[in-house]
Amino acid sequence: MENLPPSAKLVLKILMERRSLRFRELKEETQLPTRTLYYALKLLKEKKVIKAMPCLDDTRERVYLVVESEECYKLFND
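The structure is reproduced here in structure tokens:
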């Protein structure tokens with residue numbers, strides 16, 4: 258598996274620690290630019306280690322959460 262950029266690894270690490278976060282919470286937590294954060298989330302979704310769910314409080318927002326924790330650890334070891 259190809260190496261992930263540092264931004265995607267940061268997002269994944271934070272999601273593994275916090276379980277689930279909204280986009281704005283991830284942006285605040287990572288301090289990444291919006292486009293970089295969207296790209297990191299796209300890569301992680303393509304690798305099927307995270308998924309996006311509609312937020313129940315505000316359906317315009319998404320909540321991101323880790324799907325497969327074993328696969329996440331493999332990504333860090335590549």
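Residue numbers for the sequence shown follow my numbering, beginning at 258 and rising by one.
Even glycine gets a Cβ: it sits at the ideal position worked out from N, Cα and C.
Using DSSP bridges, identify the partner residues of residue i.
| i | result |
| --- | --- |
| residue 319 | 311 |
| residue 277 | 322 |
Going by the CB atoms, is the gap between residue j and residue i shorter than 8 Å?
| i | j | result |
| --- | --- | --- |
| residue 306 | residue 269 | yes |
| residue 276 | residue 322 | yes |
| residue 297 | residue 264 | yes |
| residue 271 | residue 286 | yes |
Can you tell me where the alpha helix (DSSP H) holding residue i begins and where it ends?
| i | result |
| --- | --- |
| residue 298 | 291-303 |
Contact between the stretch 284-291 and the stretch 300-316 (3+ Cβ pairs under 8 Å) = no
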